[in-house]
DNA sequence: TTGTAGGCGTTATCAC
DNA sequence: GTGATAACGCCTACAA
């Protein structure tokens, strides 16, 4: 029995197929310069032995690992999990494996993880946002590991970006609420510390308001972690101010759902008393009552397109380096015209 | 400049530290039998050169890859994404990397993915459920790759299981609804084809009903993919039967949320007209109105405990081989006593 | 405590 | 079309 512990190696296949290891390697790698009859002998021998190539040896010799890494803030948030789902699916079609790490929004931890990924030999890395430690990008460049930013349209020089313009998104939200006649607006933003996406959305929102003469100092802004409870409590703070806003833009559907929950529990009618707007268009946007007006982020598409970039040849990559995806306004029941004074 | 393309290797560090490669290796691997002064010289040299070890070479030589694989149905469902989040976090603490694959509930695809993971050299694999192709488990056993089932408490011989008893869970749900006085019950189950968890839940539910004399042939059961819309439409079918159930158990909170949506849209009051019960206790369970009565699945804990098993020594593993976790009944507003006849 | 040498399993470069 | 042969970068006896 050839079923020795661990299993057969390439040389065992060669022996069984009565040829040289080189030929086996050629067959396994689809090299066409092999006699048809020999090829079949090799394939049969490999099957019979239950041969599985040793990826480490292959990687060491060929410098191609077929490994890609991704560092995302967390998998507990659907917006990232969905992106990774798309990324993985597309990579798997090409037999590329994905190593995934969660940074919990900590860019120092992200650096450590990038190091480990480089050590594992990943050929590319998918990152979230464009804000990273300089050491992180320097490392990737020095080690010739390609990288792709997601959820942003700002690409850093040698890297690529697949995403959208967060500032523009913030402006779109503001514009929509302004057009409904609101003048007292507030925002529950994500934590902007080390988070360029949350910051971009906030900046865009305030800029659009400033453009119509609403002073940013007058706009109540609270930051919150992306959790239902945080959205709820921040909404409580916002609504207990002397000058209640009539419309609140939230940096995520989770926060918006929490905000609506607060309103429910406190007899505040949405959207009659206050309009609430979300961001992401997650599944939960259809579960609140009223359902959530929000901006749709194409999470799965971002993952797929990031994969496409990674799988592309250096030549094709030029065209794919910067992809700004559209984010769509989804109007549902949680927003309404400003109440008459 | 030593910043040659790709980067320094172990031997370069040795040269710069004026010692042998063996000593560098010892330092890097924490071997204590190294002179303190030499150790520091090596560490400094490594830092100055920006040395990153080559994982492939290391793995090839030592047969330890520090790689673990996971094959889950999808990341688009929070119940799995959360488990993976816990798994990854715990593994990362020990510098073990996680390769993740989604099988889309297809056990043939799962086999292909297991093969690829073995090729990558993973030391263990985390699987969902206990139903797999025999070839899959045979491969893992032959290649000496440990495996852990999750979301189930049935362990296959050499493998481990971290999860819960799905049948018991189904019985718990039935018991709760029976105790509320319901006698006309229905279920919207997940797709049971190739899914032992969905099947277990369904079987348990029906068994408990049978135990009180309710014939399973009389219990309407529909299967649905885990999507809001499917839950909604199945609920429509259930409620348009001549003999409407007064209580419906859903195999997932997603389905239950969809079911409640159907009721909303069609003037059916929950829980007055019909009680709806979910499964998983996802975040969305707090977003439906009324909020969802459900059974809590400890997804993150399962991931963490699976990691603990994987990281444990062979000796410790004996104790961790079968872990049945408790699933907790969470009573909220979507269930109520059966209406008086 | 440190250095030398051999080999892990594969692929690439030569010849033939 | 096929077969030797030499690396790939590292770890680990073993020797010193």
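Chains as they are written, first to last, in this note's numbering: chain H, 6 to 346; chain L, 6 to 346.
Every residue, glycine too, gets a C-beta built ideally from N, C-alpha and C.
Review point. Which residues of chain L have a Cβ atom closer than 7 angstroms to the Cβ of residue 58 of chain H, listed in chain order?
Key: Residues of chain L with a Cβ closer than 7 angstroms to the Cβ of residue 58 of chain H are, in chain order, 124.
Review point. Are at least three pairs of beta-carbons, each pair with one atom in the stretch 84-104 of chain L and one in the stretch 173-185 of chain L, less than 8 angstroms apart?
Key: Pairwise C-beta distances place the stretch 84-104 of chain L out of contact with the stretch 173-185 of chain L, as fewer than three of them are shorter than 8 angstroms.
**Study point:** Within 8 angstroms, strictly: CB atoms of residue 32 of chain L and residue 15 of chain L
**Key:** With respect to residue 15 of chain L, residue 32 of chain L sits apart: the two C-beta atoms are not nearer than 8 angstroms.
Exercise for review: Specify the secondary structure class of residue 301 of chain L as computed by DSSP and reduced to three states.
Suggested key: It is a strand residue.
Exercise for review: Please confirm whether residue 259 of chain H and residue 232 of chain H have their CB atoms less than 8 angstroms apart.
Suggested key: For the 8 angstroms CB-CB criterion, residue 259 of chain H and residue 232 of chain H form a contact.
Review point. Beta carbon of residue 89 of chain L, beta carbon of residue 105 of chain L: below 8 angstroms?
Key: A Cβ-Cβ contact shorter than 8 angstroms links residue 89 of chain L with residue 105 of chain L.
Review point. Hey, does residue 291 of chain L have any beta-carbon neighbour from chain H nearer than 8 angstroms?
Key: It does; some Cβ of chain H falls within 8 angstroms.
Review point. Which partner residues of residue 131 of chain L appear in the DSSP bridge assignment?
Key: Looking at the DSSP assignment, residue 131 of chain L forms a beta bridge with L:75 and L:153.
**Study point:** For residue 285 of chain L, the three-state DSSP class (helix, strand or coil)
**Key:** Correct three-state label for residue 285 of chain L: strand.
Review point. Among residues of its own chain, excluding the 5 on either side of residue 286 of chain H, which ones have a beta-carbon nearer than 6 angstroms to its beta-carbon?
Key: Taken in chain order, the residues that qualify are 299, 301 and 335.
Point to revise | Bridge partner(s) assigned by DSSP for residue 335 of chain L | key: Under DSSP, residue 335 of chain L takes part in a beta bridge, and its partners are L:299.
Check your understanding: How is residue 178 of chain H classed by DSSP in three states: helix, strand or coil?
Key -> DSSP places residue 178 of chain H in helix when its eight states are reduced to three.
Exercise for review: Starting from residue 42 of chain L, follow the alpha helix (DSSP H) in both directions and report where the run begins and ends.
Suggested key: Where residue 42 of chain L is concerned, the enclosing alpha helix (DSSP H) stretches over 41-54.
Point to revise | residue 118 of chain L: first and last residue of the uninterrupted alpha helix (DSSP H) it sits in | key: According to the DSSP assignment, residue 118 of chain L belongs to the alpha helix (DSSP H) that extends over 112-125.
Check your understanding: Of the residues that make up the stretch 80-92 of chain L, which ones have a beta carbon closer than 7 angstroms to any beta carbon in chain H?
Key -> Cβ contacts with chain H come from 80, 81, 83, 86, 87, 89 and 90.
**Study point:** Alpha-carbon to alpha-carbon, residue 327 of chain L and residue 59 of chain L
**Key:** Each residue's Cα considered, the two are about 36 angstroms apart.
Check your understanding: Rounded to the nearest angstrom, how far is the Cβ of residue 185 of chain H from that of residue 345 of chain H, given a contact under 8 angstroms?
Key -> Taking a contact as a CB-CB distance under 8 angstroms, the pair residue 185 of chain H and residue 345 of chain H does not count as one, their CB atoms being some 12 angstroms apart.
Practice item. Alpha carbon to alpha carbon, how far is residue 139 of chain H from residue 113 of chain H? Give it in angstroms, no decimals. Key: Going by the C-alpha atoms only, they are around 11 angstroms apart.
Review point. Along chain L, which residues have their Cβ under 9 angstroms away from the Cβ of residue 70 of chain H?
Key: Within chain L, the residues near residue 70 of chain H are 60, 61 and 125.
Point to revise | CB contact flag (residue 74 of chain L, residue 127 of chain L, <8 angstroms) | key: Yes.
Review point. Is residue 174 of chain H near residue 206 of chain H, with beta carbons less than 8 angstroms apart?
Key: In terms of Cβ geometry, residue 174 of chain H and residue 206 of chain H form a close pair [threshold 8 angstroms].
Exercise for review: Kindly say whether residue 294 of chain L, judged by its beta-carbon, lies nearer than 8 angstroms to any beta-carbon of chain H.
Suggested key: Under the 8 angstroms criterion on CB atoms, residue 294 of chain L is classed as interfacial with respect to chain H.
Review point. Residues of chain H with CB under 9 angstroms from residue 233 of chain L, in chain order?
Key: Neighbours of residue 233 of chain L on chain H, chain order: 288, 291 and 292.
Check your understanding: Just the Cα atoms here: how many angstroms apart are residue 9 of chain H and residue 100 of chain H?
Key -> Low confidence applies here, because residue 9 of chain H scores a pLDDT of 49, under 50, leaving its location unreliable and the question unanswered by this model.
Check your understanding: What is the DSSP secondary structure of residue 169 of chain H, reduced to helix, strand or coil?
Key -> Secondary structure of residue 169 of chain H (DSSP, three-state): coil.
Exercise for review: For residue 273 of chain L, return the contacting residues in chain H, with the cut-off set at a CB-CB distance below 7 angstroms.
Suggested key: Chain H residues near residue 273 of chain L: none, gap ~15 angstroms exceeds 7 angstroms.
Point to revise | Enclosing alpha helix (DSSP H) for residue 257 of chain L [first to last residue] | key: Per DSSP, residue 257 of chain L belongs to no alpha helix (DSSP H) and is neither H nor E.
Exercise for review: Answer yes or no: does any C-beta atom of chain H fall closer than 8 angstroms to that of residue 55 of chain L?
Suggested key: Between residue 55 of chain L and chain H, the shortest Cβ-Cβ separation is below 8 angstroms.
Point to revise | Residues near residue 247 of chain L in its chain [Cβ-Cβ closer than 8 angstroms; skip 5 each side] | key: Contacts found: none.
**Study point:** Residue burial classification, residue 6 of chain L (beta-carbon count within 10 angstroms, cutoff 16)
**Key:** Because the pLDDT of residue 6 of chain L is 33, which lies under 50, any placement of that residue in the model is unreliable, and the number read from its coordinates should be weighed accordingly. It is exposed - the Cβ of residue 6 of chain L has fewer than 16 other Cβ atoms within 10 Å.
Review point. Among H:268, H:267, H:190 and H:209, which residue has its Cα nearest to the Cα of residue 177 of chain H?
Key: The residue with the shortest Cα to Cα distance from residue 177 of chain H is H:209.
**Study point:** Closest residue to residue 213 of chain H among H:188, H:116 and H:234 (Cα-Cα distance)
**Key:** Measuring from the Cα of residue 213 of chain H, the nearest candidate turns out to be H:188.
Practice item. Step through the CB atoms of chain H and report whether any lies within less than 8 angstroms of the CB of residue 148 of chain L. Key: For residue 148 of chain L, the answer is yes, since a Cβ of chain H falls inside 8 angstroms of its Cβ.
**Study point:** Alpha-carbon to alpha-carbon, residue 323 of chain L and residue 237 of chain H
**Key:** Each residue's Cα considered, the two are about 45 angstroms apart.
Point to revise | Under 8 angstroms between C-beta atoms of residue 261 of chain L and residue 241 of chain L | key: It is not a contact, given that the beta carbons lie outside the stated cut-off.
Exercise for review: Report the partner residues of residue 322 of chain H according to the DSSP bridge assignment.
Suggested key: Residue pairing of residue 322 of chain H in beta bridges, as defined by DSSP: absent, with no partner found.
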